[in-house]
Each structure stands twice: as C-alpha cells, then as structure tokens.
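Visitor: Protein chains in written order, with the numbering used here: chain D, 1 to 461; chain A, 1001 to 1461. Once you've had a glance at the structure underneath, I'll fire off some questions.
Number of protein chains: 2
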Amino acid sequence: MAFTLDFTAMTEPVVPAGVREADWPALASHFRAAHRAVSDIAATGVYGYRELEQQGDERARVGAFARGVHGRYEDVVVLGIGGSSLGAIALRTALLPPAWNARSGAQRGERPRLHVMDNVDPRTIAGLLEMIELSRTLVVVISKSGGTIETLAQYLVVRERLERAGLPVAQHLVFVTDPVKGALRAIATRDGIPAFAVPPNVGGRFSVLSPVGTLPAALCGLDIEALCAGALAMRDATMGDVLAQNAAGLFATLQWRAHAQAGQGMHVMMPYSDALRDLAPWFVQLWAESLGKVDADGLNVGPTPIASVGPTDQHSQVQLFMEGPADKTVTFLRLERGAEDVPIPRLEAGEKALGFLGGHSLGELLDVECRATAGALSRAGRPSMTMTIGAADAWHVGGLMMWLMQATTLAGALYGVNPLDQPGVELGKRLANAELGHPDSGAPIAGTATSTVASRTLRVD
Amino acid sequence: MAFTLDFTAMTEPVVPAGVREADWPALASHFRAAHRAVSDIAATGVYGYRELEQQGDERARVGAFARGVHGRYEDVVVLGIGGSSLGAIALRTALLPPAWNARSGAQRGERPRLHVMDNVDPRTIAGLLEMIELSRTLVVVISKSGGTIETLAQYLVVRERLERAGLPVAQHLVFVTDPVKGALRAIATRDGIPAFAVPPNVGGRFSVLSPVGTLPAALCGLDIEALCAGALAMRDATMGDVLAQNAAGLFATLQWRAHAQAGQGMHVMMPYSDALRDLAPWFVQLWAESLGKVDADGLNVGPTPIASVGPTDQHSQVQLFMEGPADKTVTFLRLERGAEDVPIPRLEAGEKALGFLGGHSLGELLDVECRATAGALSRAGRPSMTMTIGAADAWHVGGLMMWLMQATTLAGALYGVNPLDQPGVELGKRLANAELGHPDSGAPIAGTATSTVASRTLRVD
C-alpha cells in the first residue's frame, strides 16, 4: 500500500454539511477549470518544485558532498527560517530515529547531530555555540534570495566565531542559495565556500526537495534519491484533471468546498504518528502562505491551517473540534501499521483501569484512537479525512510532501489566488529593515502600532 | 519591570474594528458580571490552581525528593499526555538552557536529560528505550485520574522492561496522581513507589504548578518555589473586578469582545522568544479545551487558539494574518530585553544585503521584528496585543502562566461556559475503550466514520 485518502467523512450522510451525491458533477467541473488554470501556466516553468528530473545533477552533487564529509562533523547547524527550515525539521522528525540529538555518536552511526536554528533568539544561539565544538561543526546557511536578515545575522555571528577560532571558513560553512544572485552566492565565490543552488523557480515553502531540504537530510545519512523518487511517483499520479482520480485535486477540492460552501475554513492537520508530527507545521506554512491573500476581486480569502497531533491533542484541542463552532475540517495523517510495534505486556491484570490493555500493542492503540476520534467527530457532524501512507520511509515521505504541494497549487486556482507569492509579508520586512538602517529602505518609517496614538498599557509589578 | 499588557492595537483608531472609547463602560460592566460569576463559586473550592499556599507541603516534598535523588539519574522520562505533559514541556523550554538533551552530563551540571513522552507511538517509545540506560533512568508517570489509557499503556511497557532488567521498580518509577483514588495510587501503595498528589480541585490543563509540572522541573534543578511565588504575585494582582486594573480580565475581555463583536474568533499566541515558544501550545490547550464547548443556550461557542512563533512565522503564517480574512487577533509574547544578548559583528561591510546588520544585536533584531510585525498588522487593520514579561526566569514564567490561567477562568464566564470541564472528549474515549475491551465499556460500538456507509477512498499506488 502506498497512499490512500479516505474522504467518507467529508460526505453526506456521514456529516450533515458534507458533499451530496448530486454535488459531485459541479465539483468535478470546478476542479477541471482549476486544473486548466494551473496547466496553462505550467509551461512557463513556474512549478519548479515538481521538475525533479531537471534537478538531478544538483541532487547528485549534494549526495556526493554528504558522502565526502562523512565522519568529519559531530554537529550540523542549519541557519534558515520559514521555508528554509520547516522542511528539514519535518524530514529529521520523520526519518531519523527518535531523540537523535540526545544519542551518542556511536548510537547515531557517527552521523552528526542536527540543529535547526530557525530563529534569531540570542539565548538559543549563544546556548548552542557554548555547547558545540566549532572545529567539529558544519554550518549550513540557507537563504534562497541571499537576503534574509535573520539568517544573515546568524551567519555573521557564526563566521566571526569561526574566524576568531582560526578555523578555515570553507571547511565549516556551506551555503544553499540562488545559483547566481545574492550576497551568499557572492561570498561563496569569494571565499571558496561550497554552495548549492535553489532553482529560481522553486519558492521557499516548495523547496524541501531541493538542496534546502536534501542537504541537511543527506548529511544525516538519509536517502534523498528515494525521497525524490517517491515525490516523482506522486507527482505523476496527480497531474490529471479527473477529480475522482487525482488525490491532490480531491484533497484541495474537498477543503475548498468545505470552506466555500459549508463555512469550514479552518483546516486542521493532525498526524497520528510522531514521525509525521512535524509535517503539520510544514503544511501550515504551505497552506497559509500560499492561500491566505487578496483574490482578483480584492477580497481577503484563504483557509486557516492548524497543526495538531494525535492522540496528544485528544487531550487538548479535540474538545474544541467536537463542541466548538462547526467551522473546521480535520485531516488525519497516519502510517499503515507496520512491523515496528511495541506489545503492551499483560501486567497488572487485577487493575480494572489498565489490565485490559495487556495483549494489545502501542501501534494498535494509536490506530484505535485515530478511528475513535474520527468516529466521534462524525457523530458530532464534524467532517474529516484520513490520509494514510505506507511507511515512514524516504520514498513515502517524499510522496506525501509532493501530494500536499500539488494540492496547494490546485487550491490556489480554486481559491483564485496566486499560490506562489507572499506580498503580505513585505510591509513588515520593510519596517524592520528601515529601523535597522538597510541602505535601500530610505528614512525610518514610524513602524509601531503605538506611534501615532497614546499607548494603552497595563502594568503589573 | 515585571509584566505589561500593551493593548493599544486592540482599540480604535489603530484598528478599525477595535474598542471605541465609548465601548469601555459596557465592557467594564460585562467584565464585572463575569468576575462576579467566578467569585460566586470560588468559595466552593473549584479553582485549586490558584490555591498555591495550601499546596506548599506537597511542593516541599517534591523539592526534597528532587534534591534527594540529585546525581542518581542520567535521564528522566515523563509519561503523560495533554495537561500532564504540556506544562513540563513549556517549563523545560523556558527555563533550561537550549539544546539541553544534546548536552553532555558535565554541560548539564549532572542534571538529567528530560524526555517527555506525550504520545503512544511505538517507534518513539522503542527508540527512546533503546537509547537510554534504564539503570540510570527515572520514569515519572503522570495521570491525575490514574485512568489515562495512553499513559497506562506506556507504564506497562516500561515496568515490564524494568522487571526484566531486574531493577527495583520503586527506585525507577515515581507517580503523580490523585491523592487517594485510581489505579496508580493503588499500585504506588502496593509497591512502595514514591507518589505525589495532584489536588482533586486542579484539572489537567491548570496543573502545571502542581507536582505535574513541578516534579519534572525540580528534577532538572529548576526553582519551583520561585515559580509559584511569581504565580502567587500574579494571582493577587488579578483578583479584582475593575477591568482597567486586572491584566487577566483585560486580556480575556478584549479577546472575547473581538470574537463576539468583531468576528475575530481565532486567537493567535505568538511568542517572540524561543524560551517562551512552548508556552503557545500550553496556552492552546488551556484556551481551546476550557472555552470550546456548548453554552447554556445550546450553542457551540469558543475561540480557536493558534500557536505561532516569531520571527519564524513571519516566514510562514504572517502572510495569512496580514491578507487572509480579518478573523484573528494576534498576541505577541515577549521578554524585556536583558543582559543576555549577542552582538552582530561588523563583518561583510561591503555587502549591501547584510553589511548594515553589523553593530546591531540579535536581541535588538528580535525586538525590531516584533514591533515591525505589530506595526504592519495595525496598518492592515488587524488587531494585536503585546504581553511582556521581565525575564525568562522561574518567577516570571510562573507569573505568566498564572496570568493566562486567570484569564481563562474569566473568559469562561464571559463566554458563558464552564472552563473546568471537557465533556466533548468523552465519546472518543468511550469508542476507543470499547474497541480495546475496557471492562466498563460494554459491547463494542461501531466507532468508525465508515461503519454504516460505503467507504469513499482514493488510493495511489
């Protein structure tokens, strides 16, 4: 089994506001139109995330680099934010053994620990630098544009430490950036720092299968060719315009329809698997930043994705999903039950509260709880879908990520927005750059909420 | 500086749908009524989370236990889920040095690593057990009722491993549970396993200041008395019925009003501090599970809290917050700038994209970006608040957690729901227990969404 989408609980009669049998032709036709809009511009080359064949040479270079440095570093530190970090974090959680960074070198097969510095908090960075041995560390600096100020600030801090320690920067830095443009590319050329290219037609949130995701993965020994092979298989399965046969189209169309026709604009992504749990924040970026924007009519549109994890969130958010306003869909994300399981021993047979658990297994418990939560939501009239993948291996995880990227592209057309831009973050960037004195930003802009009116503040001492 | 709430950007004219000057008297009076409803039942003892003086003896026992075992364990493993794990995770992130579990014993001051097993995934548990040395491990089993099946299943697995290894369970297990009732209490008494009490009037999501949170914290050397002292100071500052003087009431009232009167029912909690980042999922449980339910009129009510983190999410969710539907409030959570900072060195002066960063600091960058994001949201007409705490130390973090718990209690009254129950999760529990053969659950219930209708599934091979 590779991938399945069970969408029973998005339909009537299972949930009252679900798709009715009579609705399917109109949905299929709306999907065909969206598909056509996507196809019409595909030839212009904007969907670089799925042109993985053309990126084979760079991927081979990444693989060769990782093999070449094997055993040389105790720690790999990724400096990157947003689309330059969420993919690597998701791959680490999905494909490396649990508690990777707490393991000894021998337990890690002499692969490095992997630290993703996705923020500029001084405490985090100082804490990390104090803990690692720079002489045994490789720092991966990732910024597609070469102009991400958070990442560049981190880079300056780290570079100065390397220089102060007398370590050759070309042995301890590697860049992932534009093939030609930007400050990081210029510095790499100047200093002989190894650098890998993010194709210009691959945006940050769609870049996990480029060196942005594959370099950190390969450095930890993961199989990036299998990752991309799974993605390619999924891409090929999600190119058609027949709704009933396109798993990405179906996911996108059902979510869009739930929002547009049933007021269910919050889309919960709820992995029932620790391996898949960081796929949820990765999906949140993809869905939020691609779809939350102004449409052609000037309306503010877009669903709100919400990351969750089961069964943990049965003890947190599920109360709200069950009894709060009926404004959400829930997508369960699960693994096919595999050989890797832990039996629950038959102990404490005399204790009613737990004796019955003996003889079951943890994997079974996970599965039972996922079904029970889906069942409870259905009985409360709340819609859900279940995505299942065959295993938490590189091939399937690559396929799953491609599934969701393809769905996002199609959802852009359904919502009537361009899923590839992010105009709404420019103002904040401009305000920050102005305050910091970026040479292109002109005079500082009165940037704070409180600049023109009296501030309203309550203080507790 | 201890705590401040800047709510300027929740008001007109900063944001168009904000509170107008003329609205304050009605809001103050509505708050007084909610405050009265809370006070009226306070004497019945339901708000145990704030009765920290009465819990001093148990807290002293926790502290003494932690001191007594100092140096004995390399790893502490918490088995707990939801309210039994989110508090400990938040305290770990806020108060222990970054990358704690990746540090050597010497770097940790011979304190243990802290693993919180908040899920039942067999891969995670098998991976952890394979990595740690059980003879140097203390396992903290946390279930208030003593009947949480996920935690009990984990307990059975761990206990059997301990027995198989010939290790005395009373030296490697410690329980946190009801003082009298439940399976864990009975087992503790039978086997001489140390056990600490969750007061019966303290619910899971309000339990971080009980042994649920303080035991893991104390085992890692954190100051739990300072944690509770900060919480007590904040409690005392948030008991009054004057809106303008009660920071918890103000937070609750502004959120409730944004939802009820401006359609802003999604409440984003966005720490601009890595230390505070796991406060967001802790708050999500608190706000979601307390407020998302059926009110006295039978309506499904409650806001949807969303966890976020800045600046990271400027590169993810902020596009949606800026240009998506105007249905959200954003609460920035930040630390007062402290001595702990990292200067950005003056390097690469010739590179326009980063030369200007030299001479600033990472702490300044964090602050500038927080203000810039708040400013950009205001200019887009999107409301926000900023909560600032003086430092990421035990006293302030305890105060912050109390602030949000007090706000949740008051919000319950504003929304007209009981913030202390969670009836919506019972059905899912019952379905799971039935499928697993719990003796009290009767015959298995047809629990899945697909049990009565043909399943609709698309498969990709």
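Idealized CB from N, CA, C, for every residue including glycine. Values in this document were obtained by computation on a predicted structure and should not be read as measured data.
What number of angstroms, rounded off, separates the C-alpha of T450/D from the C-alpha of F1332/A?
Guide: Confidence at T450/D is low in this model, with a pLDDT of 45, below 50, so its placement is unreliable and no value can be given for it.
Visitor: Classify R1257/A: buried if its beta carbon has 16 or more other beta carbons within 10 angstroms, exposed otherwise.
Guide: A residue is called buried once 16 or more other Cβ atoms fall within 10 Å of its Cβ, and R1257/A is buried on that count.
Visitor: Counting contacts by CB-CB distance shorter than 8 Å, is N1418/A in contact with chain D?
Guide: No, because no Cβ of chain D sits closer than 8 Å to the Cβ of N1418/A.
Visitor: Does the beta carbon of F175/D come closer than 8 Å to any beta carbon on chain A?
Guide: no
Visitor: The alpha helix (DSSP H) with T1124/A in it runs from where to where?
Guide: P1122 to M1131
Visitor: Contact criterion: CB-CB distance below 8 Å. Does I1306/A meet it with respect to chain D?
Guide: yes
Visitor: With 16 other CB atoms within 10 Å as the buried threshold, where does L1400/A fall?
Guide: buried
Visitor: Here's the rule: buried if 16 or more other CB atoms are within 10 angstroms of the residue's CB, otherwise exposed. What is G447/D?
Guide: The predicted position of G447/D is uncertain, since its pLDDT is 44 and thus under 50; no value can be drawn from it.
Visitor: Helix or strand or just coil, what does DSSP make of T1312/A?
Guide: helix
Visitor: Between the Cα of M269/D and those of M387/D, E369/D and V208/D, spot the shortest distance and give me the residue it belongs to.
Guide: M387/D
Visitor: Just to confirm my understanding: we take V342/D, look at its own chain, exclude 5 residues before and 5 after, and list those with CB closer than 8 Å. What are they?
Guide: S361, L362 and G363
Visitor: I think G464/D touches G1324/A, with their Cβ atoms under 8 Å apart; what is that distance to the nearest whole Å?
Guide: Only positions 1 to 461 of chain D appear in the structure, and residue 464/D is not among them; the question remains open.
Visitor: Can you list the residues of chain D that P1199/A reaches, using a CB-CB cut of under 9 Å?
Guide: By Cβ distance, chain D contributes nothing, its closest Cβ being about 19 Å from P1199/A, past 9 Å.
Visitor: Which chain A residues sit within Cβ distance under 8 Å of H396/D?
Guide: Simply none; closest approach about 11 Å.
Visitor: Hey, how far is the Cα of L95/D from the Cα of S384/D?
Guide: 26 Å
Visitor: For a contact defined as C-beta to C-beta under 7 Å, what are the partners of A1237/A on chain D?
Guide: Neighbours of A1237/A in chain D, taken as residues whose beta carbon is under 7 Å from its own, are V460 in chain order.
Visitor: Compare the C-alpha of R1379/A against each of L286/D, L427/D, R20/D and A380/D and name the closest.
Guide: The candidate whose alpha carbon is nearest that of R1379/A is L427/D.
Visitor: Between the C-alpha atoms of N101/D and N119/D, what's the straight-line distance to the nearest angstrom?
Guide: C-alpha separation (whole angstroms): 19 Å.
Visitor: Using 8 Å as the cut-off, can you tell me whether the segment 1126-1145 of chain A makes contact with the segment 1180-1191 of chain A, which would need three or more C-beta pairs spanning the two stretches below that distance?
Guide: Yes: the two stretches touch, three or more of their Cβ pairs being nearer than 8 Å.
Visitor: Just reading off the alpha helix (DSSP H) that P1216/A is part of, what are its end residues?
Guide: P1211 to L1219
Visitor: Chain A partners of Q317/D, CB-CB under 9 Å?
Guide: V1284, Q1285, A1288, E1289, G1292, T1304 and P1305
Visitor: Is there a C-beta anywhere in chain B that falls below 8 Å from the one on F1007/A?
Guide: As a matter of chain content, chain B is missing from the structure shown, whose protein chains are D and A.
Visitor: Provide the residue(s) that pair with F1283/A in DSSP beta bridges, ordered along the chain.
Guide: When DSSP reads this structure, F1283/A sits in no beta bridge, so it has no partner.
Visitor: Could you work out which residues of chain A lie near H115/D, taking near to mean beta carbons separated by less than 8 Å?
Guide: A1099 and A1102
Visitor: Cβ closer than 8 Å: which chain A residues qualify as neighbours of D274/D?
Guide: N1119, D1121, R1123 and T1124
Visitor: Between which residues of its own chain and E1110/A is the CB-CB distance below 6 Å, once the five residues before and five after are set aside?
Guide: G1071
Visitor: With a threshold of 16 other CB atoms inside 10 Å of the CB of T1189/A, please say whether the residue is buried or exposed.
Guide: Exposure of T1189/A is indicated by the presence of fewer than 16 other C-beta atoms within 10 angstroms of its C-beta.
Visitor: Scan the segment 412-442 of chain D and note each continuous alpha helix (DSSP H) run of 4 residues or more that stays entirely inside, going in chain order.
Guide: Whole alpha helix (DSSP H) segments, 4+ residues: 426-436.
Visitor: At a cut of 8 Å, does the segment 1113-1130 of chain A reach the segment 1312-1321 of chain A through at least three beta carbon pairs?
Guide: no
Visitor: Can you give me the C-alpha to C-alpha distance between F1206/A and V1397/A, rounded to a whole angstrom?
Guide: Rounded to whole angstroms, F1206/A and V1397/A show a C-alpha spacing of 14 Å.
Visitor: Taking its Cβ as the centre, do 16 or more other Cβ atoms sit within 10 Å of D75/D, making it buried, or is it exposed?
Guide: buried
Visitor: In the DSSP assignment, find the alpha helix (DSSP H) that holds V1025/A and state where it starts and stops.
Guide: Per the sequence presented here, residue 1025/A reads as Pro, with Val not at that position. Counting along the chain, the alpha helix (DSSP H) containing P1025/A begins and ends at W1024 to A1042.
Visitor: Quick one: complete alpha helix (DSSP H) runs, 4+ long, within the segment 288-357 of chain D?
Guide: 318-323 and 352-355
Visitor: Cβ of V1116/A within 8 Å of Cβ of V1078/A?
Guide: yes
Visitor: Using a Cβ cut-off of 9 Å, pull out every chain D residue sitting near E1021/A, in sequence order please.
Guide: Per Cβ cutoff of 9 Å: no residues; E1021/A is ~11 Å from chain D at best.
Visitor: Counting only beta-carbon separations shorter than 8 Å, does M1322/A have a partner in chain D?
Guide: yes
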